[in-house]
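Report on the structure given below.
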Amino acid sequence: MQKHAVSCALVRENPRFQSLLRRRNRYAFSLAGLIMLAYFAFILTIAFRPDWLAHPLARGMTANVGILFGLGVIALTVLVTVLYVRRANREFDPEALEIRRQALK
Amino acid sequence: MTPGLRFLVLAVASLALAGGAIAMPSLEIGLRQPTNWSAISTFFFFVGLTLWMTRLASARSRASANLYTPGGGISGFQNGLAIAGDYMSAASFLGISGLVFASGFDGLVFSVGWIVGWPVVTFLMAERLRNLGKFTFADVAAYRFAQKPVRSLAALGSLVVVLFYLIAQMVGAGQLVRVLFGLEYTYAVVLVGALMTLYVLFGGMISTTWVLINKAVLLLVGTTLLALLVLYRADFNPDALFSRATDLHRLKDALMAPGGLIKDPVSALSVGMALMFGTAGLPHILMRFFTVADAREARKSVAWATMWIGYFYLLTFIIGFGAIVALIGHPGSHFVGGRIASGLQGGANMAAIHLAGVLGGDLFLGFIAAVAFTTILAVVAGLTLSGASAVSHDLYATVLRKGAATSEQERRVSKLSTFALGVVAVLLGIVFGRQNVAYIVMLAFSVACSVNFPVLAMAVLWKDCTTRGVTVGGFLGLFAAVALTVLSPVVWESVLRHPHGSAPFPYASPAIVSMPLAFLAIWLVSRFDRSPQAARERALFPDQLIRSETGIGASAARSH
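Here the protein sequences come in this chain order: X and B.
Here the first sequence stands for residues 565 to 669, where the numbers follow our numbering.
Here the second sequence stands for residues 138 to 697, where the numbers follow our numbering.
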């Protein structure tokens, strides 16, 4: 317990930990915000202006703006998740490991 | 019980189902339609094959079997498939294709909602959960709080979510067995419930992860084939598919626009919130993060899961439109009495199943039915596992016995709760028989986003949060979500048969009230909590933060 408390104090004072936390949270929350924005734009259009979604994509087509919007949000979700996981695994994780190693030395 | 004996019990149980199903029509109890032998034998062949493959796979990792499962962390890719397998339930496959079949565009609203929750899980939950938790998400919620109230809350929240989810699986499986074997729906649900409970009790607990992986692969292959058949019939031109569907469907052009199911703006917003934030509060999904070695693998598994799920939803959308064209375009015995107006045999939930029969014949019908059935079996196993461990691990071992229970006692409680869950799910499955399964699962999401999600998010992310705040807010959210669900049109009018328009709560989902209510109560009560205990809990936050962000002190992998 004693040893754990010491290593925790070491981590807390490590400026790299603070910086990692800031950068990771900024990245995570802005990507999450982006998805929420796209999704609630979709939901609010359904709620208040469903007629916008009913426009065909081109003359003579049945596929409409709503379908493109919906499939677009699905694609964006996958894209954003993959982006985050790549950066977290390549950049954030090695740093967290390093901080951990320093603290547990 | 030895593994061999376990398999024997399982085999006997499956044969009993088969025997019951075959014997019953000859006794003329609930005979609905001529027996389709080629579909039924294909069905049994594939269900048997999956069970056998699952047994092989899990035998490899049984060496270190502990309370619930085999040992050793699995890779992110494998866990991704398992998560996808857990998530792509009967609701997703039968429910979304059924929704598209019945009201077109609204099916897409559910697909979109069910996938946008994943980034929230990935960014805010996955690694923190992996670093803080051991076994269930209650470990995380109660990390720095008083164990008793927070664990009881988390366990109750999990149980309600699991129960709603189970209802949907029972309805899906019951209708499926009814359509395939021509049984009366009530008999079908009871049979299915009995088989599933036996399966989880004697076979499922040790290999849930492998059941899920197998079924995810089978489901992805099955739906890909079905969607390819649909597209082949439409000359690989999706727009031709859409335009033929709007010509045939009674909604005509409205098929492509929102409004069939979600009629008012408040309901749209409420359902939207439930679908997005519910994912981050599903106990059986959150549990899957403890099966991998570390946060890195947890993250990878969500990325894989999101990709598979996105691909799968694309397929269900195509399958739904394919069903409109193939079934309404060629009305036959798949409609009650052969008339479109009477609806599909087994309801709109069965659109994908009938589609398989029309496009690929009886053998393909048997195959897709087997895919749907094993999907349900696997999801039921995953759900029951998390419901049973909420009772045995959180309520019984930690709250009631304060950690003094032996693993033998814990195992017994877990089996008892499995049995009880099975019985309740069957009863509710009979009551909810005519409802769309995707809709029922949405109700599970409404509870998850009003209890588990706010409790977890505030406990992990907000330093001033206290036991009192979490407990008050969580129970308020739970109570509001359940009460408003009962008072909403689907339960009040369709299930409880009150007159149309009499529902006291007029919206489709309670989330728009219950979720903000839970967050607000947690915030307010914590804010004004001046007790010494609250001060201690706030002081523990930096410690929790460091462990959740760096993984110092995190537990080793579990395998559920």
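Think of the CB as a built atom: it goes at the ideal place given N, C-alpha and C, for glycine as much as any other residue.
By the criterion of Cβ-Cβ separation under 7 Å, what are the contact partners of residue i in chain X?
i: Val257 (chain B); result: Ala596
i: Ala394 (chain B); result: Pro614, Leu617, Ala618 and Gly630
i: Arg433 (chain B); result: Asn653 and Asp657
i: Gly447 (chain B); result: Ile638, Thr641 and Val642
i: Thr443 (chain B); result: Thr641, Val642 and Thr645
i: Thr453 (chain B); result: Here the premise fails: no neighbours, minimum Cβ distance about 11 Å.
i: Thr383 (chain B); result: Thr626
i: Ala405 (chain B); result: Ile607, Ile610 and Ala611
i: Ala440 (chain B); result: Thr645, Val646 and Val649
Kindly indicate the opening and closing residues of the alpha helix (DSSP H) around residue i.
i: Pro579 (chain X); result: Pro579 to Phe612
i: Tyr648 (chain X); result: Val629 to Arg651
i: Glu547 (chain B); result: Ser544 to Val568
i: Ala671 (chain B); result: Pro669 to Ala676
i: Ile252 (chain B); result: Phe242 to Val257
i: Ser587 (chain B); result: Val574 to Ser587
i: Trp599 (chain B); result: Element bounds for Trp599 (chain B): n/a, residue is neither H nor E.
i: Asn268 (chain B); result: Glu264 to Leu269
i: Pro636 (chain B); result: Where Pro636 (chain B) is concerned, there is no enclosing alpha helix (DSSP H), given that its DSSP letter is neither H nor E.
i: Asp276 (chain B); result: Phe274 to Ala278
i: Ala411 (chain B); result: Pro402 to Gly415
i: Trp660 (chain B); result: Ala648 to Arg664
i: Val619 (chain B); result: Thr604 to Val623
i: Ile689 (chain B); result: Where Ile689 (chain B) is concerned, there is no enclosing alpha helix (DSSP H), given that its DSSP letter is neither H nor E.
i: His530 (chain B); result: Premise fails: His530 (chain B) is in no alpha helix (DSSP H) and is neither H nor E.
i: Leu423 (chain B); result: Pro420 to Leu423
Could you work out which residue in the options is closest to residue i when comparing CA atoms only?
i: Ala658 (chain B); options: B:Cys602, B:Thr622 and B:Val337; result: B:Cys602
i: Pro402 (chain B); options: B:Tyr644, B:Val277 and B:Val473; result: B:Tyr644
i: Ser551 (chain B); options: B:Ser523, B:Gly484 and B:Pro468; result: B:Ser523
i: Ala263 (chain B); options: B:Thr512, B:Ile505, B:Gln681 and B:Phe427; result: B:Phe427
i: Leu595 (chain X); options: B:Arg433, B:Trp441 and B:Leu261; result: B:Leu261
i: Val297 (chain B); options: B:Val609, B:Met595, B:Leu580 and B:Glu674; result: B:Leu580
i: Phe230 (chain B); options: B:Ile455, B:Ala382 and B:Gly217; result: B:Ile455
i: Pro395 (chain B); options: B:Gly244, B:Ile477 and B:Asp372; result: B:Gly244
i: Leu537 (chain B); options: B:Lys285, B:Thr361 and B:Leu186; result: B:Lys285
i: Gly722 (chain B); options: B:Phe590, B:Phe678, B:Leu186 and B:Arg605; result: Any property of residue 722 (chain B) remains undetermined from this structure, which presents chain B solely from 138 to 697.
i: Leu363 (chain B); options: B:Ala509, B:Asn173, B:Leu633 and B:Leu349; result: B:Ala509
i: Ala627 (chain X); options: B:Ile399, B:Pro256 and B:Leu392; result: B:Leu392
i: Met595 (chain B); options: B:Gly566, B:Gly459, B:Arg675 and B:Ser631; result: B:Arg675
i: Ser175 (chain B); options: B:Ala506, B:Leu553, B:Tyr576 and B:Ser554; result: B:Ala506
i: Leu423 (chain B); options: B:Val609, B:Met413, B:Ala435 and B:Leu412; result: B:Ala435
i: Ile513 (chain B); options: B:Arg267, B:Ala353 and B:Leu682; result: B:Ala353
i: Pro653 (chain B); options: B:Val632, B:Arg281 and B:Leu613; result: B:Leu613
i: Arg613 (chain X); options: X:Gly630, X:Leu643, X:Leu601 and X:Gly624; result: X:Gly630
i: Leu682 (chain B); options: B:Ala618, B:Phe616, B:Lys600 and B:Ile252; result: B:Lys600
i: Gly311 (chain B); options: B:Val650, B:Leu565 and B:Ala585; result: B:Leu565
i: Ala228 (chain B); options: B:Leu492, B:Val316, B:Pro468 and B:Gly309; result: B:Gly309
i: Ala377 (chain B); options: X:Leu608, X:Met625 and X:Ile638; result: X:Met625
i: Leu269 (chain B); options: B:Val662, B:Val528, B:Val597 and B:Ile304; result: B:Val597
i: Pro256 (chain B); options: X:Leu617, X:Leu640 and X:Leu608; result: X:Leu640
i: Tyr603 (chain X); options: B:Arg281, B:Asp384, B:Ala275 and B:Val408; result: B:Val408
i: Ile461 (chain B); options: B:Ala541, B:Val237 and B:Gly232; result: B:Val237
Bridge partners for residue i per DSSP, in chain order?
i: Ile211 (chain B); result: B:Val429
i: Phe510 (chain B); result: Paired residue(s): none; Phe510 (chain B) is not in a bridge.
i: Leu481 (chain B); result: B:Phe472
i: Pro658 (chain X); result: BP columns for Pro658 (chain X) are empty, so no partner.
i: Pro620 (chain X); result: X:Asn628
So which residues of chain B does residue i contact, with C-beta pairs closer than 7 Å?
i: Leu585 (chain X); result: Glu686
i: Ile576 (chain X); result: Ile is not the amino acid found at residue 576 (chain X); the sequence shown has Arg there. Per Cβ cutoff of 7 Å: Pro679 and Ile683.
Could you list which residues in chain B have their beta carbon closer than 8 Å to that of residue i, in chain order?
i: Ala592 (chain X); result: Phe260 and Leu261
Which residues in chain X sit within 9 Å of residue i, going by Cβ to Cβ distance?
i: Lys437 (chain B); result: Val649 and Asn653
i: Ser234 (chain B); result: In chain order: nothing, as chain X lies at least about 15 Å away.
i: Gly409 (chain B); result: Tyr603, Phe604, Phe606, Ile607, Leu608, Ile610 and Ala611
i: Pro626 (chain B); result: None at all; the shortest Cβ gap to chain X is about 17 Å.
Find the residues of chain B that neighbour residue i, judging by a C-beta separation of less than 9 Å, and give them in chain order.
i: Arg664 (chain X); result: Thr687, Gly688 and Ile689
i: Ala627 (chain X); result: Pro375, Asp376, Phe379, Ser380 and Met393
Who are the neighbours of residue i on chain X, taking C-beta pairs under 8 Å?
i: Ser226 (chain B); result: What Ser226 (chain B) touches in chain X: nothing, since even the nearest Cβ is about 18 Å away.
i: Ala509 (chain B); result: What Ala509 (chain B) touches in chain X: nothing, since even the nearest Cβ is about 22 Å away.
i: Ser248 (chain B); result: Gly634 and Ile638
Examine the ligand FAD and report whether any of its heavy atoms sits within less than 6 Å of the Cβ of residue i.
i: Arg315 (chain B); result: Of ligands this structure carries none, so the ligand FAD is not represented either.
In chain order, each alpha helix (DSSP H) run of at least 4 residues that lies wholly inside the region 295 to 380 of chain B: 322 to 339 and 345 to 370
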